[in-house]
Amino acid sequence: MLRLLLLFLIVIPASVAAQLPVVDMHLHYKWSQQEVTSPDEAIRLLAAAQVGLGVVIGTPAERALLLSERSNGRLVSIWSPYREGGDWSRWATDTSVVARAREALASGNYYGIGELHLVGGFVPRAQPGDVTSQLMVLAQEYDVPVLLHTEFSRADRMRALCTKHPRTRIVWAHAGAILPPAAVESVLADCDNVMAGLAARDPWRFVSNPITDGQGKLLPAWRALLLRYPDRFMVGSDPVWPVDQLDRWDEADTGWQELG
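If you want it as structure tokens, here you go:
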């Protein structure tokens, strides 16, 4: 069914696709967004965008619950270790993260872990038993997925994680962010526990390796990849704005106003 659905979405006209309900696997609701977008307004915007099911990440984590509790079952919250903007570059060395993650999953309020950023130059080298590995093991224990954002020039870090933890389900945020389709395919071929998310692979973000042309059509290599793995890709909006000034201290994030 998933295979047929993705094939359908690739080949049908955009006017028809716009009428279909959307599963958005990458939503944020952050401290820097709430002052301009209330929880009720966020729910209204999702309905207007025809989002029938969504995954929401809060910064701090509790903010995701403000949406999921109002959504009549349409939103699922996953737990984020980030309590403030700069935590994306610090979480991997924070020894409190694993205990906090266990407590959050045990509460029954969260159904996954993420988004976890592993960005070249900002994270330590992988070590046995490090925070990342412990979270992967914890996710397997609770049978929940991990939303991983890797941003390296090669796919090695993701491949090492998914092969080391074959029973942990991974959603690969932004399909490797800056990776070309051949590198993405190498991971999908080696790790059947990985789903690739296409959130933020748009004309405004990760522009060094676009997946569409100037008319918004998938580039041939990307289209071929999606057709080869039609049940391994997910879509999402990642409503963060402006995209080049993440978590500004002096102005709110207006990403929700860009939804749809």
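Residue numbering for the sequence shown follows numbering that gives the first Met the number 0, starting at 0 and increasing by one per position. All C-beta atoms in this analysis are idealised placements derived from N, C-alpha and C, irrespective of residue type, glycine included. Computed from a prediction, not measured in an experiment: that's the story for all the values here.
Note: residue 171 is bridge-paired with 147 and 195 in the DSSP secondary-structure output.
Taken through DSSP and simplified to helix, strand or coil, residue 206 comes out as coil.
The three-state reading of DSSP puts residue 117 in strand, counting E and B together. For residue 87, same chain residues with a beta-carbon under 7 angstroms away, outside a window of 5 residues either side, are 81 and 116 in chain order. In chain order, 185, 186, 189 and 190 place their CB closer than 8 angstroms to the CB of residue 158, counting only its own chain and leaving out the 5 sequence neighbours on each side. Every alpha helix (DSSP H) of 4 residues or more that sits fully in the segment 16-90 is shown, in chain order, as 30-33, 38-47 and 61-67.
Excluding its 5 nearest sequence neighbours in each direction, residue 35 has C-beta neighbours in its own chain below 7 angstroms: 251 and 253, listed in chain order.
With fewer than 16 other Cβ atoms inside 10 Å of its own Cβ, residue 206 counts as exposed.
The three-state reading of DSSP puts residue 211 in strand, counting E and B together. DSSP places residue 217 in the strand class (E or B) of the three-state scheme. By the beta-carbon neighbour count (other beta carbons within 10 angstroms, threshold 16), residue 94 is exposed. Following the DSSP letters along the chain, one finds residue 132 inside the alpha helix (DSSP H) bounded by residues 130-141.
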